[in-house]
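All remarks here apply to the structure that follows.
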Amino acid sequence: MTRELMRVFCMGVNVWQVSDARVHSRQRRTVVSTGLEGRRRPFAPEGEGYDGILTDRSSYEDFDAKGLGFVRLNQLALEHLMGARS
1 MTRELMRVFC
11 MGVNVWQVSD
21 ARVHSRQRRT
31 VVSTGLEGRR
41 RPFAPEGEGY
51 DGILTDRSSY
61 EDFDAKGLGF
71 VRLNQLALEH
81 LMGARS
């Protein structure tokens, strides 16, 4: 997932409002296939911005260091959702 698409998801921006130059057609199809294309409610908690989400280590780095394998599981899930794995 590109940083720009992550920003779209985190901030709850309607993907159709983002210029075509910033959202690749494959990413657009991925968003449409998830059923989130009309979602307007932000995923981030009130007052938390995009930069805060990226700097929060607790969601990935710290869990993976504990041996939970969260990062790898997340990668596999994304690959499955995007059709790279069946």
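Numbering follows the UniProt record's numbering, with no gaps: position 24 of the sequence shown is 24. We treat Cβ as the ideally placed atom computed from N, Cα and C, and that holds for glycine.
Residue interval of the alpha helix (DSSP H) (run including residue i)
i, result
"Gly52", "Tyr50 to Thr55"
Three-state class that DSSP yields for residue i in the structure shown
i, result
"Glu46", "coil"
"Ala77", "helix"
"Val13", "In this prediction, Val13 scores a pLDDT of 49, lower than 50, which makes its location untrustworthy; the coordinate-derived value is nonetheless stated afterwards. Coil."
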